[in-house]
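Chemist:
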């Protein structure tokens, strides 16, 4: 059984990965069909996907191994149900987020560019998903304006790898809308759309120090 | 300047529990014995407010106010939101019609939400009691009224879940905040 890591492709300046070379692509194919499917990677985990109800059930003790394995390593079989008494059934978009996050490992999805202009369609269920330190900040930023992921990460001071993992996960889960695709590499950075919603700190600058203290306090809870 | 975060939502959604999970003091509440249909769900219910505190470095404090859940005490809602930083709306997925609850509270608190520049987060509790339930209808309802805000599944007893709600509220207020 092959459990090799996802093959990385180096194209231009940013490393990319292909969904077709890991669990993500397999899950996307099952999600676009009609058959409830059991996906097993021995000693790594098992998922049952119900594409019609957009639900899944999973037991994945080795997530990195599972989500980064090549499709040939998985055993797939039709199943009767994705509902099991002892396992929580969840939204399929959450599985796709998790799969995109693990497979990305700091890389862009093949075909994507850091200059793609994107906007957050909806906040993912972040209390039940893998979080990186700036996931919420990227969500907050992109929920209020369309922006190139490259520009968003620069404005927020987020590392490339973290921003690309976020982009890959959010795009895989359908939480991001692609507003425009970069036509060519090295194009001029698109201008950000001005935020028309006044932030609390702009209206009350004194709030900023309290917000920072509160952020620090809550982060340590 | 007074700093307040408001917790709202229907009776039993976990407002009191969520405040207790993060407050630096024991929650001060104004619960009384339930005597009507509410008693079927809870022995006690909040009739005026819950109150907790987050003490910050430098001596400042953030007050945590929980509004009474029952609509007949809605006259308290405007009073408690005055000067608030943002709203944590708790919904109970095990209630008969969570979307109707959402509509009610969005209507009641919309002016406050707009005053804060959209500082609203929604915590959905007890999803495990309704297998197959999803956050998608709640997100869609919020989008239909022009709100793209965080909607998270929570267990109000879990401090980490309440923490995620608060962190999301804070980045809505200022995305420049960072660890």
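Residue numbers (the working numbering), protein chains in the order written: chain A, 189 to 409; chain B, 160 to 338. Glycine is no exception: its CB is placed at the ideal position from the N, C-alpha and C atoms. No experiment lies behind these values; they were computed from the predicted model shown.
Buried or exposed for residue 276/A, please, with buried defined as at least 16 other CB atoms from any protein chain shown within 10 angstroms of its CB.
Modeler: Counting from one through the first chain, the residue named residue 276/A turns up at place 88. Exposed, since its Cβ has fewer than 16 Cβ neighbours within 10 Å.
Chemist: Could you work out which residue in 205/A, 239/A and 230/A is closest to residue 217/A when comparing CA atoms only?
Modeler: What you label residue 217/A is simply residue 29 of the first chain in a count that begins at 1. Closest by alpha carbon: 239/A.
Chemist: Taking residue 162/B as the query, report the chain A residues whose CB atoms sit under 7 Å from its CB, ordered along the chain.
Modeler: As a working mapping, residue 162/B is identified with position 3 in the second chain. Neighbours of residue 162/B on chain A, chain order: 398.
Chemist: Output the distance between the C-alpha atoms of residue 275/B and residue 332/B, rounded to the nearest integer angstrom.
Modeler: As a working mapping, residue 275/B is identified with position 116 in the second chain. As a working mapping, residue 332/B is identified with position 173 in the second chain. So the alpha carbons of these two residues sit roughly 8 Å apart.
Chemist: What is the DSSP secondary structure of residue 237/A, reduced to helix, strand or coil?
Modeler: The residue given as residue 237/A occupies position 49 in the first chain. In the structure shown, residue 237/A sits in a strand (DSSP, three-state: E or B).
Chemist: Measuring straight from C-alpha to C-alpha, what distance separates residue 210/B and residue 231/A?
Modeler: Here residue 210/B refers to the residue found at position 51 of the second chain. Here residue 231/A refers to the residue found at position 43 of the first chain. In a straight line, the C-alpha of residue 210/B is about 49 Å away from that of residue 231/A.
Chemist: Could you tell me whether the Cβ of residue 169/B comes closer than 8 Å to any Cβ of chain A?
Modeler: Here residue 169/B refers to the residue found at position 10 of the second chain. Output row for residue 169/B: interface = no.
Chemist: Flag residue 184/B as yes if its beta-carbon sits less than 8 Å from any beta-carbon of chain A, otherwise no.
Modeler: As a position in the second chain, residue 184/B is number 25, starting the count at 1. Answer no: the Cβ-Cβ gap between residue 184/B and chain A never drops below 8 Å.
Chemist: Within 10 Å of its beta-carbon, does residue 312/A have 16 or more other beta-carbons around it, so buried, or fewer, so exposed?
Modeler: As a working mapping, residue 312/A is identified with position 124 in the first chain. Looking at its Cβ environment, which holds 16 or more other Cβ atoms inside 10 Å, residue 312/A is buried.
Chemist: So the beta strand (DSSP E) residue 411/A belongs to, where does it begin and stop?
Modeler: For chain A, the structure presents residues 189 to 409; residue 411/A sits outside this window and is missing.
Chemist: For residue 226/A and residue 209/A, what's the separation of their Cα atoms in angstroms?
Modeler: Reading the first chain from its first residue, position 38 is the one you call residue 226/A. Reading the first chain from its first residue, position 21 is the one you call residue 209/A. So the alpha carbons of these two residues sit roughly 19 Å apart.
Chemist: Checking 8 Å against the spacing of the C-beta atoms, do residue 228/B and residue 279/B come in under that value?
Modeler: The residue you call residue 228/B lines up with position 69 of the second chain. The residue you call residue 279/B lines up with position 120 of the second chain. Taking 8 Å as the Cβ cut-off, residue 228/B and residue 279/B do not qualify as a contacting pair.
Chemist: Which two residues bound the contiguous beta strand (DSSP E) that contains residue 265/A?
Modeler: Along the first chain, one-based indexing puts residue 265/A at 77. Start and end: 263 to 266.
Chemist: Among 335/B, 262/B, 325/B and 291/B, whose alpha-carbon lies nearest the alpha-carbon of residue 272/A?
Modeler: As a first step, residue 272/A is located in the first chain; it is residue number 84 there, counting from the start. Closest option to residue 272/A, Cα to Cα, is 291/B.
Chemist: Is the separation between the beta-carbon of residue 306/A and that of residue 343/A shorter than 8 Å?
Modeler: Taking the first chain and counting its residues from 1, one reaches residue 306/A at position 118. Taking the first chain and counting its residues from 1, one reaches residue 343/A at position 155. No, they are not a contact pair.
Chemist: By the 7 Å beta-carbon criterion, what residues does the region 304 to 328 of chain B contribute toward chain A?
Modeler: Listed by position along the chain: 307, 308, 309, 310, 311, 312, 313, 318, 320, 322, 323, 325, 326 and 327.
Chemist: Could you check what DSSP says for residue 228/A in three-state terms: helix, strand or coil?
Modeler: Your numbering for residue 228/A matches position 40 in the first chain. Correct three-state label for residue 228/A: strand.
Chemist: Please list, in chain order, the residues of the region 270 to 286 of chain A that have any C-beta partner in chain B closer than 8 Å.
Modeler: Cβ contacts with chain B: 271, 276, 277 and 279.
Chemist: Enumerate in chain order the residues of its own chain whose CB-to-CB distance from residue 254/B is below 7 Å, with the five nearest sequence positions on each side excluded.
Modeler: Working through the second chain from its first residue, we reach residue 254/B at position 95. Around residue 254/B: 169 and 260.
Chemist: Alpha carbons only, please: which of 249/B, 266/B and 300/B is nearest the one belonging to residue 373/B?
Modeler: Not covered by the structure: residue 373/B. The range shown for chain B is 160 to 338.
Chemist: Can you tell me the Cα-Cα spacing of residue 207/A and residue 307/B, whole angstroms?
Modeler: The residue labelled residue 207/A in the question sits at position 19 within the first chain. The residue labelled residue 307/B in the question sits at position 148 within the second chain. Residue 207/A and residue 307/B: Cα-Cα distance of roughly 28 Å.
Chemist: Please list the partners that residue 295/B has in chain A, where partner means a Cβ-to-Cβ separation under 9 Å.
Modeler: As a working mapping, residue 295/B is identified with position 136 in the second chain. Residues of chain A passing the Cβ test: 242, 279, 281 and 310.
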